[in-house]
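Below is one structure; the comments refer to it alone.
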Amino acid sequence: MKKYKAIFFDWDGTAVINRWAPVDSVISKIIPLLDQGIKLFIISGTTYENIAAGSLHSLIPVNCLKNLFLGLGRGAYNLGFNDAGELIVLSSAIPDIEQRLRIDKAAFEVHQYLLKHYGIKTDIVFSRPNYCKVDLLVENDRKENLFLQSDEISRVQDLLLSHGYTYGLAGLLELARKIGKQNDIDIIPTTDAKYLEMGITTKGDNVSYFMQHVVGKNNITCNECCFWGDEFRYLVEGVPGSDAYMITPESSDCDFFDVSGETSLLPGNVVGVGGSIESFHKFLTQQLNLY
Ligand SMILES: [Mg+2]
82 MKKYKAIFFD WDGTAVINRW APVDSVISKI IPLLDQGIKL FIISGTTYEN IAAGSLHSLI
142 PVNCLKNLFL GLGRGAYNLG FNDAGELIVL SSAIPDIEQR LRIDKAAFEV HQYLLKHYGI
202 KTDIVFSRPN YCKVDLLVEN DRKENLFLQS DEISRVQDLL LSHGYTYGLA GLLELARKIG
262 KQNDIDIIPT TDAKYLEMGI TTKGDNVSYF MQHVVGKNNI TCNECCFWGD EFRYLVEGVP
322 GSDAYMITPE SSDCDFFDVS GETSLLPGNV VGVGGSIESF HKFLTQQLNL Y
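Each number in my numbering comes from the position in the sequence shown (counting from 1) with 81 added on.
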């Protein structure tokens, strides 16, 4: 294993098992790497409050925080820390009210379409920074584990088929794009099976920003960057997992590792290492001891 100068990683399911799990283990491994000058990027769909209960800045020494960055809200926010160790917004992609209402309307029309033509019930979360979440499995509560659950893909496919919808998850992505266009908004839809997410950015926008503004500016090459996640694999053909959006034109020559343990349907440039969070933690420890 080579020594990387920039490490991008997903949070839920990759760094911690869920957002309520203790963070001490991963924090104790990232602090010495940050101290060595390694750039670390947490790329997550969630908010700062949901990562270490919003206390990352108090768990990491101020001199290390300058090497830590967060790309959150599936492309909505790129965050860093100033010299005083305070969280700062480096860039954001927040729609104005007109654009916001078009996103919301498009999500509501997807709900209406599925209910009217197929009798499929959905719930919508409207309060995310630049996207809506359309819940396709309204009966299914994920409890504390908010990431993709293994049986959800077949459950949602069964649900669609049992209502006569034969286009599958890929069809829903296309539907979301089409209804977006009708509402004059370029929706970039993604899905983790339970949720169809309709927004204007993805994790790819976080990665593009940091590749340009941090990796490039520090003369770090793609060869010296790696990406870790637990949802790289395609859910079904034509439907990438949420971490696969981290593979962008800027990052595609970097190294990609998936800890999910599922090796089928991985994008070509992703290595399936399995082992869940322990695998990522072990990697961090190994990196610390390489020079
Ligand atoms: Mg994850």
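C-beta atoms are modelled at their ideal positions from N, C-alpha and C, and glycine is treated no differently. In this text the structure is predicted, and so the values were computed from the model without any measurement.
Nonlocal neighbours in the same chain, by C-beta distance under 7 Å from residue i, ignoring five residues either side
i	result
N131	R100
L149	L115, L121, I141 and F162
F361	F90, T95, A96, W309 and V340
I175	A157, P210 and N211
Q293	E331
P270	L254, A257, R258, L277, E278 and M279
Counterpart residues of residue i in DSSP-defined beta bridges
i	result
S208	Beta-bridge pairing links S208 to no other residue.
T329	Its beta-bridge partners do not exist; DSSP assigns none.
A87	K120 and C306
L114	Bridge partners of L114: none, in fact.
F361	BP columns for F361 are empty, so no partner.
G280	Y212 and I269
V219	DSSP lists no partner for V219.
G353	D339
D93	V97
F150	F122
V320	V317
Residue from the options whose Cα sits closest to the Cα of residue i
i	options	result
V97	K110, E179 and K86	K110
G353	T366, G280, D336 and L369	D336
E343	G349, G355 and N211	G355
G126	Y158, P113 and G135	Y158
Y276	Q238, Q180, V143 and H294	Q238
S243	K259, E255, Y199 and T203	Y199
Q368	Y248, V288, S323 and C307	C307
L254	L217, D105 and K284	L217
L137	W92, I358, Y326 and G349	W92
E318	E359, L365, K363 and G249	G249
V143	V351, D232, E167 and G135	E167
R183	A274, K197, V107 and Q263	Q263
P103	I358, I260 and G322	I358
F338	N350, N299 and A165	N350
G322	I328, F313 and T329	F313
A165	F364, P113, G297 and S139	S139
D232	K363, I112, K284 and A274	A274
S208	K197, Q193 and R181	R181
I328	I112, K284 and G261	K284
Cβ separation of residue i and residue j, assumed to be a contact under 8 Å, to the nearest whole Å
i	j	result
A251	I268	With 8 Å as the limit, A251 and I268 do not qualify as a contact, their Cβ atoms being about 15 Å apart.
K86	I301	5 Å
L347	I234	Not confirmed; about 15 Å, so no contact.
D311	G94	4 Å
T282	V320	With 8 Å as the limit, T282 and V320 do not qualify as a contact, their Cβ atoms being about 18 Å apart.
D265	G156	Incorrect: roughly 20 Å between the Cβ atoms, too far for contact.
Y129	L151	7 Å
A188	V215	6 Å
C303	D324	Not a contact, Cβ separation roughly 17 Å.
V191	M279	7 Å
D185	C213	6 Å
V288	I124	6 Å
S172	Y290	6 Å
I119	I88	6 Å
Nonlocal neighbours in the same chain, by C-beta distance under 8 Å from residue i, ignoring five residues either side
i	result
L371	M82, K83 and K84
I169	L160, G161, F162 and N163
I201	L195, L217, L240, L241, H244 and Y246
Q117	L369
Spatial neighbours of residue i in its chain, beta-carbon cut-off 6 Å, leaving aside the 5 residues before and after
i	result
L365	K110
>> Going residue by residue through the segment 157-203, where are the continuous alpha helix (DSSP H) segments of at least 4 residues, counting only ones entirely within it?
In response: 178-199
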